[in-house]
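Numbering follows the working numbering, in which position 261 of the sequence shown is assigned residue number 515; successive positions increment by one, without gaps. The next block holds one structure in the form of structure tokens; read it before the comments.
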Amino acid sequence: MNLFSLITWFFYLLMINNTCLILTLHHGKKMDLNMKKEKTKFKSNYYLPKSENQEKYMNYLNSPDVDLIIALGPAGTGKTFFACLKAITQIKNGEIRKLIITRPVVAVEEEEIGFLPGSLVKKMDPWTRPIFDIFLEFFSRSELDNFIHSDIIEISPLAFMRGRTFKDALIIADEMQNSTPTQMKMLITRMGVNSKMVITGDLNQSDLKIENGLEDLVKKLHIYKNKNSSLDIIKVVNFEKEDIERSELVKKILDIYENKTSTVIVQNSTNTNNDTNKIKPNNGYILNNDAALIPKHHITKNTDIFFNGL
255 MNLFSLITWF FYLLMINNTC LILTLHHGKK MDLNMKKEKT KFKSNYYLPK SENQEKYMNY
315 LNSPDVDLII ALGPAGTGKT FFACLKAITQ IKNGEIRKLI ITRPVVAVEE EEIGFLPGSL
375 VKKMDPWTRP IFDIFLEFFS RSELDNFIHS DIIEISPLAF MRGRTFKDAL IIADEMQNST
435 PTQMKMLITR MGVNSKMVIT GDLNQSDLKI ENGLEDLVKK LHIYKNKNSS LDIIKVVNFE
495 KEDIERSELV KKILDIYENK TSTVIVQNST NTNNDTNKIK PNNGYILNND AALIPKHHIT
555 KNTDIFFNGL
């Protein structure tokens, strides 16, 4: 094929498909001119709220008059998902300077929780992965890495929030049923001007034996509202099993587990008197096989942490 024919075919292809041009040049090598653009395209129809509580939640997320949103309910109701969608929209539109994603880190054994060194970034991946899976539907891996390294997106354990103030930021505090009342108070008081905080959690899934920070906060808000006027800047959304969008099976499983007893009893096969042994949880924590539970040999006292390679 001569040069004139090649140029003719070039303009022909350009006219019939000006949105996603794929050229076959250089011995069959393909080049997609809009490949990067497609990776960051929204799937708006798929991610619209599908229940009344989800719609209420999205309205609070979009309201400039609401500074603190508390989303309570079982897994699969969209608590974390819709908060991430709000963050993605604000990042794309340049509406926030920083997104902070935090979560309590719960140790498996009775021990004061230490700081996580940089070498443990991959060990933290099990509990950051669900959030980043959402972000990867809208950003390429390189874009997401750039947001992290340029400090637009920050991933940090709850212990690193102390002493900081967040301005022009969105803070997503996930799985906060595993926080203590002291940690919860510390986190909320970090908020600065032009910031919004979203706190998510399931009061039925706490790994703490003592009263957790999320439960304590909800009780205090209820007492305060009974004595004072309503707090328009703080909103609470209570999700139910009916809001679960994963599958009917998840709803059935939750029904089954809601009927479980608080103490596990096992039959002692070596005891002819049919005595029972109670399995006691670890001191300080109830083991729910949560990904946030980190073995104590992975915990060190190290304040030098750099989150890279996420």
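All C-beta atoms in this analysis are idealised placements derived from N, C-alpha and C, irrespective of residue type, glycine included. This one's a predicted model, so the numbers in the text were calculated from it and none came from an experiment.
Exposure label - L353; buried when at least 16 CB within 10 Å: The count along the sequence shown starts at 1 and reaches residue 353 at position 99. By the 10 Å Cβ count, L353 comes out buried.
Where the beta strand (DSSP E) containing P590 begins and where it ends: Since the displayed the chain opens at 255 and closes at 564, residue 590 lies outside it and no answer follows.
Whether L398 touches I350 by CB criterion (8 Å): Here residue 398 corresponds to residue number 144 of the sequence shown, with the count starting at 1. Here residue 350 corresponds to residue number 96 of the sequence shown, with the count starting at 1. Result no, Cβ atoms of L398 and I350 do not sit closer than 8 Å.
Through-space distance from R395 to N480, alpha-carbon basis: Residue numbering aside, residue 480 sits at position 226 when the sequence shown is read from its first letter. Residue numbering aside, residue 395 sits at position 141 when the sequence shown is read from its first letter. Cα-Cα distance, rounded: 48 Å.
Residues bridged to F420 (per DSSP): The residue labelled residue 420 in the question sits at position 166 within the sequence shown. In DSSP, F420 forms a bridge with M445.
Length of the line joining the Cα atoms of N513 and G330: Taking the first residue of the sequence shown as position 1, residue 513 is located at position 259. Taking the first residue of the sequence shown as position 1, residue 330 is located at position 76. Cα to Cα, N513 sits roughly 19 Å from G330.
Secondary structure of R351, DSSP reduced to three states: Mapped onto the sequence shown, residue 351 falls at position 97. Coil.
Nonlocal neighbours in the same chain, by C-beta distance under 6 Å from I453, ignoring five residues either side: Walking along the sequence shown from the start, residue 453 turns up at place 199. Taken in chain order, the residues that qualify are I324, A427, M430.
Whole-Å CB distance - D319 paired with D422, under 8 Å assumed: As a working note, residue 319 is residue 65 in the sequence shown. As a working note, residue 422 is residue 168 in the sequence shown. Between D422 and D319 the Cβ distance is about 17 Å, and since that is not below 8 Å, they are no contact.
Cβ contact check for the segment 455-475 and the segment 383-394: 3 or more pairs under 8 Å: no
CB of D468 within 8 Å of CB of S433, strictly: As a position in the sequence shown, residue 468 is number 214, starting the count at 1. As a position in the sequence shown, residue 433 is number 179, starting the count at 1. Inspection of the sequence shows that residue 468 is occupied by Leu rather than by Asp. Yes, they are a contact pair.
Rounded C-alpha distance that separates P435 from T382: Working through the sequence shown from its first residue, we reach residue 435 at position 181. Working through the sequence shown from its first residue, we reach residue 382 at position 128. Their backbone Cα atoms lie some 23 Å apart in a straight line.
K495 to N307 span [Cα, whole Å]: Position 241 of the sequence shown, counted from the start, is the residue given in the question as residue 495. Position 53 of the sequence shown, counted from the start, is the residue given in the question as residue 307. Their Cα atoms are separated by approximately 11 Å.
Closest by C-alpha distance to M415, when choosing among S483, I407, M445: Within the sequence shown, numbered from 1, the residue matching residue 415 stands at position 161. Checking every option, the nearest Cα to that of M415 belongs to M445.
Option in T334, I345, T443 with minimal Cα separation from I402: Taking the first residue of the sequence shown as 1, we reach residue 402 at position 148. It is I345 whose Cα lies nearest to the Cα of I402.
Extent of the continuous beta strand (DSSP E) run through M451: In the sequence shown, residue 451 corresponds to position 197, counting from 1. Counting along the chain, the beta strand (DSSP E) containing M451 begins and ends at 450-455.
Segments assigned beta strand (DSSP E), at least 3 residues, entirely inside the segment 453-516: Every beta strand (DSSP E) stretch that sits fully inside the segment 453-516 and reaches 3 residues is listed by chain position as 488-492.
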